[in-house]
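Residues are numbered in the working numbering as their position in the sequence shown, beginning at 1, plus a constant of 187.
Just below is one structure, and these are the notes that go with it.
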Amino acid sequence: MKSSVFNFLIVLIILCFWGCSEFDSNPKGLLNLILIDAPAQWDSVFVEVQGVDVELIKSGREDGMIETFFLPYAPGDKKIEVSSLVGGEALLLGRDELPNGKVLGLTMRLGDEYFLYLDEKRYSMSLAESASNEVPIEIELDIEQGFSYDIVLDFDLEKSIKVIGEAPLSLELNPIIKAYKGAGTGEITGVVSPTALQPAVYAILDGDSISTHTNSSGTYNFRLPEGTYSLYFDPKNESFADTVIHNVEVVARETNSLDLVTLKLKP
188 MKSSVFNFLI VLIILCFWGC SEFDSNPKGL LNLILIDAPA QWDSVFVEVQ
238 GVDVELIKSG REDGMIETFF LPYAPGDKKI EVSSLVGGEA LLLGRDELPN
288 GKVLGLTMRL GDEYFLYLDE KRYSMSLAES ASNEVPIEIE LDIEQGFSYD
338 IVLDFDLEKS IKVIGEAPLS LELNPIIKAY KGAGTGEITG VVSPTALQPA
388 VYAILDGDSI STHTNSSGTY NFRLPEGTYS LYFDPKNESF ADTVIHNVEV
438 VARETNSLDL VTLKLKP
């Protein structure tokens, strides 16, 4: 009996050692891809998304070979109402464990359906001639064992949708998506009045801008890299004057809640 117990313990120790060695030989970190939106003036915008390719060089590879890992958007219905991801709303687009290494870029794989609603009427969009349903996204990120990483994908619908014909209304999509490391970003949030205007809000840094709109309650939200921004409020209504706020600070992992902005009628 003692011999049997002893033999069992030896086997158990060997299995544990093998399992730990196997685990340690394939160290991984967790990557989360989070989708947000900077919406346009449309009622609702839907884009079909298959998932995201992550281009990565594994740690210790002397040949520098880039490997691609596909993170699928899991639901059966791949059509995402991107325009709803405002005012702090976000969507977990994909999540997976990846080997230790360096992420060199992403490619979002779109499907074939892109459409929006305007005054309850549906309008299909075509891809711009210069665009592709495989959208490259620039970002670099080091993945280490035991850590969880967030990459925020900002789908800028304001810049992505273009009107190419008025009668009948004809639209095209040229997807513009930026990526930010979640660990290095902070938030700006605030409220704009009158809420019915739902103005466009632009965060501007060094000549580059990112846009969003307020939601139905007048709230806007940005997730941005650290820096000092100017906010430009475009009422999208010729009766109201635009407004600018300068020196808005963004600090990583902090939320800067701004005072109420009231857009005023022009004299």
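Don't be surprised by glycine CBs; every beta carbon is placed ideally from N, CA and C.
- Selection N361, L278, S357 evaluated against L314 yields N361 as nearest (Cα-Cα).
- In this structure, DSSP gives E249 a state outside helix and strand, which the three-state scheme calls coil.
- Residues of the same chain with a CB within less than 8 Å of the CB of T415, apart from the 5 flanking positions on each side, are L392, N434, V435, E436, V437 in chain order.
- Counting the other CB atoms within 10 Å of its CB gives G263 a total below 16, which places it among the exposed residues.
- DSSP, read as helix, strand or coil, puts G371 in helix.
- Runs of beta strand (DSSP E) with 3 or more residues, each lying fully within the region 401-449, are found at 406-412, 414-421, 430-437, 442-444, listed in chain order.
- Looking only at I330, Y367, G251, the smallest Cα-Cα distance to F342 is reached by Y367.
- Residue pairing by DSSP places F256 opposite V241 in a beta bridge.
- DSSP places A315 outside both helix and strand once states are collapsed to three, so it counts as coil.
- It is roughly 46 Å from the alpha-carbon of G281 to the alpha-carbon of K453.
- Cα atoms of L220 and K346: separation of roughly 21 Å, rounded to the nearest angstrom.
- At a Cβ-Cβ threshold of 9 Å, E276 and I223 count as neighbours.
- Membership of K349 in the beta strand (DSSP E) is indicated by the continuous run 348-352.
- Pairing T442 with I375 gives a Cβ-Cβ distance under 9 Å.
- Sequence-distant partners of K365 (beyond 5 residues in either direction) whose C-beta falls short of 6 Å from its own C-beta, in its chain, are D341.
- Rounded to whole angstroms, the separation of the alpha carbons of N408 and V273 is 7 Å.
- Pairing S270 with K423, the inter-Cα distance amounts to about 17 Å.
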